[in-house]
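Heads up: the sequence shown begins at 6 in the numbering used here, then just goes up one per residue. Just so it is clear, CB atoms sit at the ideal spot from N, CA and C, and this is done for glycine as well. Presented below is the structure to which this report refers.
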Amino acid sequence: EYDPDYAGMARAAWPDGTSCLVKEQNTKRPSEIRELDLLRRFGHPNIIRLQSCIFDGKMSYLCFERHAHGVLSDRLVEHQNDQLELPCKVIHTVAIQLFDALRYLHHRSVTH
Numbered sequence: 006e007y008d009p010d011y012a013g014m015a016r017a018a019w020p021d022g023t024s025c026l027v028k029e030q031n032t033k034r035p036s037e038i039r040e041l042d043l044l045r046r047f048g049h050p051n052i053i054r055l056q057s058c059i060f061d062g063k064m065s066y067l068c069f070e071r072h073a074h075g076v077l078s079d080r081l082v083e084h085q086n087d088q089l090e091l092p093c094k095v096i097h098t099v100a101i102q103l104f105d106a107l108r109y110l111h112h113r114s115v116t117h
């Protein structure tokens, strides 16, 4: 079942009942497989963690952790559609979290 809070990802569960999200994609190049391995190594609270990869021929099934509040971009669009202004404190908190995640990636020679 596709999760409306995570565009293009299906909601699933691990055998222990923990929720996850599954994204299906073609994996054609070795560089994509290396990128997936790199994603799995990230451990930052503001970056959704890749928990596992399952390869089936040419397809990859990426299993990501699922956060109860969904994706930041969707939350921002909701505020825009409702014509609500985000409080400055919320904007500040989101900006600090984004900059911290980018710093984490840049220290690992990853650009986004």
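Sequence-distant Cβ neighbours of His-84 in its own chain, meaning closer than 7 Å and more than five residues away, are Leu-91. Straight through space, the alpha carbons of Asp-105 and Leu-81 are spaced by roughly 19 Å. Around the CB of Cys-68, 16 or more other CB atoms lie within 10 Å, so the residue is classed as buried.
The Cβ atoms of Glu-40 and Tyr-66 do not sit closer than 9 Å to each other. Residue pairing by DSSP places Phe-47 opposite no residue, since no beta bridge is assigned to it.
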